[in-house]
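Numbering (our numbering), first residue to last: 2 to 458. Ideal placement from N, C-alpha and C gives every residue a C-beta, glycine not left out.
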Amino acid sequence: MVKFLSKIKISLSGRILLIAFCVLIGCGPKTKPEDTESKSELPNILLVVLDDAGWNDVGYNGSEIHTPHIDELAKNGLQLNRFYVAPTCSPTRAALLTGMPASRLGILAPISGKSEKTLPDSIITLPAQLKTIGYQTALFGKWHLGLQPANGPSAYGFDYSYGFLHGQIDQYSHEYKNGDPSWHRNGEFISEEGHATDLIGKETRKWFRYERDSLKPFFAQVAYSAPHFPLQEPKEWVESYAEIENNSRRDFAAAMSHVDDDMGKLLAELKAMGLSENTLIIFMSDNGGMENWYPEEQYQGKHGPNDVLGDNTPLRNWKSSNYEGGIRVPAIIYLKGKFKAGVSNEFISVTDLMPSILEMVNANIPSNVEGAAIFDDLVNGAQLKNEIYIRGHKQQSLIKASWKLVRTPGQGNRSVEFELFHIENDPEESKNLSDMMPDRVSELKKLMAIHMNRDQL
């Protein structure tokens, strides 16, 4: 009997040791990737950027254009009612990825083959910094910060890239306006059939489900070509706006609804994969709407002209301008359990996104970043103390509190170089107060001069 009991004891001891050994070498049940993913403390990040969408080109701002998916995001998220970008695309995208005004890098206008300045090789970007804490990064769609694969997305922190390098493309041939190749996957030029909006969305959804590492949080920047010209929308989208008499505006509206539909598919895919509750979603336009387009010999004369494009009502002026219509754009942020649905009237710059995201995920913020980490302040309802400096290729502006100084260098018979507006009381910028408030003008001119002296020009 004693020998029998001792055998049982030895057997139990052996089993305990075996179980312990299996735990150490991983013999136990495997954790499914989706289980690990749903428990990740770091949020995924989806950044959606439209191209030339104006203030009044989204439904939630009162537009006649149907954008139900953007409107739903606005309903559930935090609308950034005073969100400022550069007046053109490349400078906004540079500021977004570096956290500093693009003029610090010498980028004032859309990058072309004649541009002397692109992103410096040594610059620390948002995706590169996110990679240091384990994020997987991808860019889909428009790059426009370098026109060759050597200075494309992979050189600045993106693990995966797909889309086009230039500022605009034919929506079906995917070539630049002079015929240069632009469509690529990971720096290799490719040829594909399909509308750019559909292809960008399809590639993004495929990457979500099949290509990325599901054990890592992701940062995905989805930069659509829409609603930028040339406008080449499928018949079904155009026909849905029969009530719009102007053909150009009808095509523009179709492009907006088309891209809204594709954005809806992205959000539905996140939800189907169980990722929507742990994904920070940021929606924005890269600059205000453009008034019109007269292409002349671009695209071999196949497209345009367009006498009416975007709508920035009630804001003043258009893309390329530092008046509100060029630099104040629709923007929304959403993260379940983080931001309360509603509207923020704080003055926010695109340069604030990089430090805000990095602070939220406990990543180091590079010392040269000038934007402010504002997410916690938005959550707590604190008043921001932003000073927003924007230098375009035609004008400069500086916003402090509700005051805005606009400088337009001497052009022709123009007699007024500096204009002062109280943009909270006068968002249309209809009343120049510079003659009535010379002390305020002097104060803002001094601040603007400090900023201009720091620009790398």
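Cβ-Cβ distance between K320 and G290 below 9 Å:
As a working note, residue 320 is residue 319 in the sequence shown. As a working note, residue 290 is residue 289 in the sequence shown. Closer than 9 Å, so yes.
Unbroken beta strand (DSSP E) run spanning I349, endpoints
Numbered from 1 along the sequence shown, position 348 holds the residue referred to as residue 349. I349 -> beta strand (DSSP E) spans 343 to 350.
Assign G195 to buried or exposed, taking buried as 16 or more other Cβ atoms, counted over all protein chains shown, within 10 Å of its Cβ.
Here residue 195 corresponds to residue number 194 of the sequence shown, with the count starting at 1. G195 comes out exposed.
T93, DSSP secondary structure in three states
Translated into the one-based positions of the sequence shown, residue 93 becomes position 92. It is helical.
Could you name the residues that DSSP lists as bridge partners for V223?
For this step, residue 223 is matched to residue 222 along the sequence shown. For V223, which the question treats as bridged, DSSP gives the partners V49, F141.
Where DSSP assigns a beta bridge to T280, which residues make up the other side?
As a position in the sequence shown, residue 280 is number 279, starting the count at 1. According to DSSP, T280 bridges with N45.
If you draw a straight line from the alpha carbon of E429 to that of H229, how long is it in whole angstroms?
Along the sequence shown, read from residue 1 onward, the residue named residue 429 stands at position 428. Along the sequence shown, read from residue 1 onward, the residue named residue 229 stands at position 228. Whole-angstrom Cα-Cα distance: 24 Å.
Own chain, CB closer than 8 Å to G343, minus 5 neighbours either side, in chain order:
To locate residue 343, count along the sequence shown from 1; it is residue 342. So the qualifying residues of the chain are L79, Q80.
If D58 and C90 are in contact, beta carbons under 8 Å, what's the gap, nearest whole angstrom?
Locating residue 58 in the sequence shown gives position 57, where the first residue counts as 1. Locating residue 90 in the sequence shown gives position 89, where the first residue counts as 1. In fact, because the Cβ distance is near 16 Å, the residues do not count as touching under 8 Å.
Let's test the definition: count the other Cβ atoms within 10 Å of the Cβ of V3 and tell me whether it reaches 16, buried, or not, exposed.
As a working note, residue 3 is residue 2 in the sequence shown. Bear in mind that a pLDDT of 37 at V3, under 50, signals an unreliable position, so the number given afterwards is only what the model happens to contain. By the 10 Å Cβ count, V3 comes out exposed.
Could you check the C-alpha separation between D261 and G326 for me, to the nearest Å?
Numbered from 1 along the sequence shown, position 260 holds the residue referred to as residue 261. Numbered from 1 along the sequence shown, position 325 holds the residue referred to as residue 326. If you take the alpha carbons of D261 and G326, they lie about 21 Å apart.
Can you tell me whether E244 is buried or exposed? The criterion is at least 16 other CB atoms within 10 Å of its CB, across all chains shown.
Here residue 244 refers to the residue found at position 243 when the sequence shown is read from its first residue. Label assigned to E244: exposed.
Is the CB-CB distance between K132 and G158 below 9 Å?
The count along the sequence shown starts at 1 and reaches residue 132 at position 131. The count along the sequence shown starts at 1 and reaches residue 158 at position 157. In this structure, G158 lies closer than 9 Å to K132 by Cβ.
Buried or exposed by the 16-neighbour rule on C-beta atoms within 10 Å, applied to R186:
As a working mapping, residue 186 is identified with position 185 in the sequence shown. Around the beta carbon of R186, a 10 Å sphere encloses fewer than 16 other beta carbons of the protein chains shown; the residue is thus reported as exposed.
Bounding residues of the beta strand (DSSP E) (the contiguous stretch that carries W404)
As a position in the sequence shown, residue 404 is number 403, starting the count at 1. Looking at the DSSP string, the run of the beta strand (DSSP E) that includes W404 is 404 to 408.
Could you name the residues that DSSP lists as bridge partners for Y163?
Translated into the one-based positions of the sequence shown, residue 163 becomes position 162. The partner list for Y163 (beta bridge, DSSP) reads F141, R186.
Cα-Cα, which of F141, A255, N247 is closest to P306?
Locating residue 306 in the sequence shown gives position 305, where the first residue counts as 1. Ranking F141, A255, N247 by Cα distance to P306 puts N247 first.
Run through DSSP, which three-state label would P34 get?
By 1-based counting over the sequence shown, the position of residue 34 is 33. For P34, the predicted model reports a pLDDT of 41, less than 50, meaning its position is unreliable; a value from the coordinates is still stated below. The answer is helix: DSSP assigns P34 an H, G or I state.
May I ask you to list the residues that DSSP assigns as paired with K236?
Sequence index remark: in the sequence shown, residue 236 carries index 235 (1-based). Partner(s): none; K236 has no beta bridge.
Own chain partners of N346 with C-beta closer than 7 Å, once the 5 adjacent residues on each side are dropped:
For this step, residue 346 is matched to residue 345 along the sequence shown. Excluding sequence neighbours, N346 sits near N82, R83.
Would you kindly check if the distance between the Cβ of I283 and the Cβ of S350 is under 9 Å?
Locating residue 350 in the sequence shown gives position 349, where the first residue counts as 1. Locating residue 283 in the sequence shown gives position 282, where the first residue counts as 1. No, Cβ-Cβ distance for S350 and I283 is not below 9 Å.
Using the Cβ count rule (16 or more neighbours within 10 Å means buried), how would you classify Y295?
Mapped onto the sequence shown, residue 295 falls at position 294. Answer is exposed; the Cβ neighbour count stays below 16.
Using the Cα positions of R94 and V417, report the straight-line distance between them to the nearest angstrom.
The residue given as residue 94 occupies position 93 in the sequence shown. The residue given as residue 417 occupies position 416 in the sequence shown. The alpha-carbon atoms of R94 and V417 are separated by roughly 31 Å.
Smallest Cα separation from V370: which of I451, M355, A364, D377?
Stepping through the sequence shown from its first residue, residue 370 is reached at position 369. Measuring from the Cα of V370, the nearest candidate turns out to be M355.
Is the segment 331 to 341 touching the segment 273 to 287, taking contact as three or more C-beta pairs under 8 Å?
yes
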